[in-house]
Amino acid sequence: MKIKKRIRKLFPLDFYGEDRGWRFVIRAYNTAEVFDALMWRSFLSVRRQELNLLHLAIETFPYQSDYSEGRVAEISGSHGALMRVKMLGPVVEVSALNKAYQDKVTSEALLSTPNISLRTAIN
Numbered sequence: 006m007k008i009k010k011r012i013r014k015l016f017p018l019d020f021y022g023e024d025r026g027w028r029f030v031i032r033a034y035n036t037a038e039v040f041d042a043l044m045w046r047s048f049l050s051v052r053r054q055e056l057n058l059l060h061l062a063i064e065t066f067p068y069q070s071d072y073s074e075g076r077v078a079e080i081s082g083s084h085g086a087l088m089r090v091k092m093l094g095p096v097v098e099v100s101a102l103n104k105a106y107q108d109k110v111t112s113e114a115l116l117s118t119p120n121i122s123l124r125t126a127i128n
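If you read the sequence shown in my numbering, its first letter stands for residue 6, the second for the next number, and so on.
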């Protein structure tokens with residue numbers, strides 16, 4: 006029996022990513038942004054610290070995180086039991102990520118250009 010998977014064509018589409026138990030959503034608003042959303046989800050799952058998702062977020066979504074036994078020891082009163090903690094993850098638009106990346110590249114390019122003094126330019 007062949008099962009044909011239906012592709013959802015209603016936008017916006019949310020792509021869920023995760024980095025060591027911390028979750029986030031990348032939101033695409035049209036078909037042109039889907040590939041970018043998948044790329045950003047992969048990139049941020051590995052190198053989330055490079056962009057401040059909480060600053061770029063348009064909203065948050067609730068989720069429950071299961072803490073491992075090593076993590077439970079840090080929470081007082083747990084007595085070694087596993088805990089589920091309610092958390093909020095950011096929802097970020099693809100366009101905001103693209104703009105933040107362009108701003109970062111532009112600022113790094115400006116900082117890396119050598120300063121030419123007026124005297125050097127005249128000579």
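No residue lacks a Cβ here, since even glycine has one placed at the ideal position from N, Cα and C.
For residue j and residue i, the rounded distance between their alpha carbons
| i | j | result |
| --- | --- | --- |
| Leu59 | Asn35 | 23 angstroms |
| Glu38 | Ser100 | 8 angstroms |
| Arg53 | Asp24 | 7 angstroms |
| Glu98 | Trp27 | 18 angstroms |
| His88 | Asp71 | Sequence check: residue 88 is Met here, not His. If I take the Cα positions, the gap works out to 6 angstroms. |
| Phe48 | Met92 | 22 angstroms |
| Thr111 | Asp41 | 19 angstroms |
| Arg129 | Phe29 | Nothing about residue 129 can be reported from this structure: the residues present for the chain run from 6 to 128 only. |
| Leu115 | Gly94 | 33 angstroms |
| Lys109 | Val51 | 18 angstroms |
DSSP three-state assignment for residue i, whether helix, strand or coil
| i | result |
| --- | --- |
| Leu123 | With a pLDDT of only 46 at Leu123, under the threshold of 50, the placement of this residue in the model should not be trusted; the figure read from the coordinates follows. Leu123: helix per DSSP, three-state reduction. |
| Leu18 | strand |
| Met88 | coil |
| Leu56 | coil |
| Asn128 | Note that Asn128 scores 49 on pLDDT, short of 50, meaning its location in the model is unreliable; the coordinates nonetheless yield the value given after this. Correct three-state label for Asn128: coil. |
| Ala33 | strand |
| Arg28 | strand |
Proximity of residue i and residue j at Cβ, strictly below 8 angstroms
| i | j | result |
| --- | --- | --- |
| Val96 | Thr65 | yes |
| Leu43 | Leu102 | no |
| Leu56 | Ala33 | no |
| Ile31 | Phe16 | no |
Extent of the continuous alpha helix (DSSP H) run through residue i
| i | result |
| --- | --- |
| Glu113 | 99-117 |
N-terminal and C-terminal residue of the beta strand (DSSP E) that residue i is part of
| i | result |
| --- | --- |
| Glu38 | Note, Glu38: premise wrong, no beta strand (DSSP E); not H, not E. |
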